[in-house]
Amino acid sequence: MEAPVRVRFAPSPTGFLHIGGLRTALYNYLFARSHTGGKFILRIEDTDQSRYVEEAEDDILRSLEWCGIVVDEGPDNPGEVGPYRQSERKELYNKYGKELIESGHAYYAFDTTEELDQMRERLQKSGNPSPKYDAITRQSMKNSLTLPQDEVTKRLEAGEEYVIRLKVPRRETIRFEDLIRGHVSFESKGLDDQVLIKSDGMPTYHLANVVDDYLMKITHVIRGEEWLSSTPKHILLYSAFGWEPPQMAHLPLIMSPTGGKLSKRKAEEEGIPVNTKDYIKHHYEPEALVNFLAYLGWSPGDDSEIHSLNELTRLFTLDRVSKGGAVFNHKKLMWYNEQYLREQSNKVLANRLREIAGKEKITLPDDDYLEKAIELLKERVSKVDELLSMGSFFFDDPKEYDPNALKKWKEDSPVLVKEYRSKIDKLSDEEFEAVKLKSLLEEVINANGVGFGKLMMPLRIAVTGQGFGPDLFASMELLGKETVLRRIDNTLHELG
RNA sequence: GCCGCGUUCGUCUAGGGGUCUAGGACGCCGCCCUUUCACGGCGGUAGCACGGGUUCAAAUCCCGUACGCGGUACCA
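Next comes the structure, spelled out in structure tokens:
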């Protein structure tokens, strides 16, 4: 019997949850759920105090929740291997750092930032393009490998600042098996003596991540490709501790349409919302985002496209994750959004619309009317909030005319509209229905020997202010006789 | 520069030696439906980066090249 699957999403609270981070979380979650008894763990990697952002952790939690991703163990619902914030595990890392020094796998270094800069500069001048603190250079630096034992003790006792560095072996080939990429290998000579414990006493990502994954019994590390290059350091660490490393899986990056990693700046330039909270704020369908993101770098292998989080959970396997970076396609996201939007009942949409309208201080009509309006609008919008903008004429007399539509208001329009007006004026409220309204329009165009559009478009402009939109006759029926006549009169008055 | 990882239609992908004159989805274009705009239906456009091998046979395996991306911090 294999150990139960345990995966973690380990974001750094340095800002709002990025869309790429969300996908990493999603893949971890899907992987956990695709195994019976699998656990999805949230660990906050707040070891960089200079970049810490107060609201970030809350934003991460809220974003995951919005997507329907349930955290099995995390800061808010700890399991047995807590705490789940690295800042609260500081002592632990120190203990393991010391252990590494004792076993000869790490050492103290006292070099100042200036001295490190000087070293790099010196090396660069002598033709070394990527200076490293490695097996060669460490011999001429200030550390417990070069300094006499008693001086090291003296410095430590004096409370002098130090870091702990990993003693990377001079020549060694580090190999590991990546679940997505297969065989990967690095030469240790390309690695530097990575700082493990910083001078502020906090661990670096590398140490903390290894120690925590081990202590939290993580079985699979699923993370972005940007970590692939530092994985050999982690492998070295595992073996220094004598621990079995977890399975590794490095996900392809999400790319910007203009190339490169989808960074915050790039995304903004291209009009792509980059933070999950932006999707929440702009009323995207969470199921659509999830579905879209799942398919960005993964596919189930058949021709299916639409799957709920639950279904994805059953379909997901790591070996179907692609290797190459995936370009974010906003139009496809919108397509997904439309799919999920149309699935919802008019009643549900009405409730959601009320919530949105409430925030924007817009007053909406009663449920019956609202749901009928939604029914007419639903097939024409991409996002739920567009029901409000496209359907504004259902809720208020148009304040202005779409300049583009106005081109269809011709010289003969007033006459035709007037004639139509006088016909529908004779209808009772009960008779004011789509079929009747349409046949009366036909009467007018036939009598005048003109095409349908000659009257239809001006009428639409008068009633909705727009040149497009839901079925005009159904819309007029819903609007009611009084409103329609009022709008026609207003328009006749304004446009002549 | 060095190290690593990638590369199938514009984009996301299917494909894992013959069934590929390469399939699906988004987008785009056209037609139908609708005398609006959409939705829907039908059809179309367009791709195996390049060069060598291996093999009777390569999009699929191997090697190079090019290009892209990532990493190269007391950031994660």
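Under my numbering, the residue at position 331 of the first sequence is numbered 339, and the numbers go up by one with no gaps. Note that CB positions come from ideal geometry on N, CA and C, so glycine has one too.
If distances are taken between C-alpha atoms only, which option among S430, L357, K415, Y377 comes closest to V389?
Closest option to V389, Cα to Cα, is L357.
Exposed or buried, Q147, counting other C-beta atoms within 10 Å across all chains shown (16 or more means buried)?
Under this definition Q147 is an exposed residue.
In terms of alpha-carbon separation, which member of E53, L503, R322 lies closest to G23?
Out of E53, L503, R322, E53 has the C-alpha closest to the C-alpha of G23.
Identify which residue in A18, K444, T472 has its Cα closest to the Cα of D220.
Answer by Cα proximity: A18.
Sort out for me which residues DSSP pairs F17 with in a bridge.
BP columns for F17 point to L50.
Quick check on the DSSP output: the beta strand (DSSP E) that includes V229 runs from which residue to which?
Where V229 is concerned, the enclosing beta strand (DSSP E) stretches over 228-232.
Mind the definition here: the region 367-385 touches the region 394-410 only if three or more C-beta pairs lie below 8 Å; say whether that holds.
These segments touch.
List the whole-angstrom C-beta distance separating I288 from I27, where the pair is believed to meet the contact cut-off of C-beta under 8 Å.
Incorrect: roughly 12 Å between the Cβ atoms, too far for contact.
Is it the case that the region 368-375 contacts the region 329-346, given that we only count it when at least three CB pairs across the two stretches are under 8 Å?
These segments do not touch.
What is the DSSP secondary structure of L204, counted as helix, strand or coil?
In the structure shown, L204 sits in a strand (DSSP, three-state: E or B).
What does a CB cutoff of less than 6 Å around K416 pick up in its chain, not counting 5 residues either side in sequence?
Here the set comprises M465.
Within the same chain, show all residues whose beta-carbon is closer than 6 Å to that of F324, passing over the 5 residues directly before and after it, in chain order.
Result list for F324: L38, S42, in chain order.
Using the Cα positions of G473 and D437, report the straight-line distance between them to the nearest angstrom.
Answer to the nearest angstrom: the Cα atoms are 23 Å apart.
Please classify K133 as buried or exposed, where buried requires at least 16 neighbouring CB atoms within 10 angstroms.
The residue in question, K133, is exposed, as its Cβ has fewer than 16 Cβ neighbours within 10 Å.
Tell me which residue opens and which closes the alpha helix (DSSP H) that A40 is part of.
27-41 is the span of the alpha helix (DSSP H), which, as asked, contains A40.
What are the complete beta strand (DSSP E) segments, minimum 3 residues, inside the region 112-194?
List check, beta strand (DSSP E) in window: 114-117, 171-174, 181-186.
Identify which residue in E502, A143, Y213, R273 has its Cα closest to the Cα of R179.
Comparing Cα-Cα distances from R179 to each of E502, A143, Y213, R273, the minimum goes to A143.
For I505, which residues of its own chain have a beta-carbon under 7 Å away from its beta-carbon, when the five flanking residues on both sides are left out?
Look at the range of the chain in this structure, 9 to 504, and you will see that residue 505 is not part of it.
So if DSSP puts M256 in a beta bridge, which residue, or which two residues, is it bridged to?
Per DSSP, D186, V229.
Using DSSP bridges, identify the partner residues of K269.
Paired residues: M263.
So is R495 buried or exposed if we call it buried at 16+ other beta carbons inside 10 Å?
R495 is buried by the Cβ-count criterion.
Is the closest heavy atom of the ligand MN to the C-beta of F17 under 8 Å?
No copy of the ligand MN appears in this structure; indeed no ligand is present at all.
In its own chain, which residues sit with a C-beta less than 6 Å from the C-beta of I226, not counting the 5 before and 5 after it?
The answer, listed in chain order, is R14, R16, P254.
What's the gap between the Cα of P265 and the Cα of E490?
Rounded to whole angstroms, P265 to E490 spans 50 Å at the Cα level.
To the nearest angstrom, how far is it from the Cα of P411 to the Cα of L424?
In a straight line, the C-alpha of P411 is about 21 Å away from that of L424.
Could you check which residue in F476, I432, L449, E502 has the C-alpha nearest to that of G488?
The option with the nearest alpha carbon to G488 is I432.
For H228, count neighbouring C-beta atoms within 10 Å of its own C-beta (all shown protein chains included) and say buried if the count is 16 or more, exposed if not.
H228 should be labelled buried.
With distances taken between CB atoms, is the gap from I77 to L317 smaller than 9 Å?
In this structure, L317 lies closer than 9 Å to I77 by Cβ.
Within 10 angstroms of the Cβ of D125, are there 16 or more other Cβ atoms? Answer buried if so, exposed if not.
D125 should be labelled exposed.
Would you check if the region 231-248 and the region 303-312 touch, i.e. whether three or more CB-CB distances between them fall below 8 Å?
No, because fewer than three Cβ pairs between the region 303-312 and the region 231-248 fall closer than 8 Å, the two stretches do not touch.
So, under 8 Å CB-CB, L223 and V89 are touching, yes? Tell me the CB distance rounded to an integer number of Å.
Rounded, the Cβ-Cβ distance is 6 Å, consistent with contact.
Mapping the DSSP letters down to three states, classify N412 as helix, strand or coil.
Correct three-state label for N412: coil.
Tell me the DSSP secondary structure of G82 in three-state form.
Three-state result, G82: strand.
Could you pull out every residue in the same chain whose Cβ sits closer than 6 Å to the Cβ of K269, ignoring the five residues on either side in sequence?
Cβ within range, chain order: L261.
Closer than 8 Å is the cut-off here; do at least three beta carbon pairs connect the region 236-247 with the region 189-207?
At 8 Å Cβ cutoff, the stretches touch.
On the criterion of 16 or more Cβ atoms from any shown chain inside 10 Å, does G459 qualify as buried, or is it exposed?
Per the 10 Å Cβ criterion, exposed.
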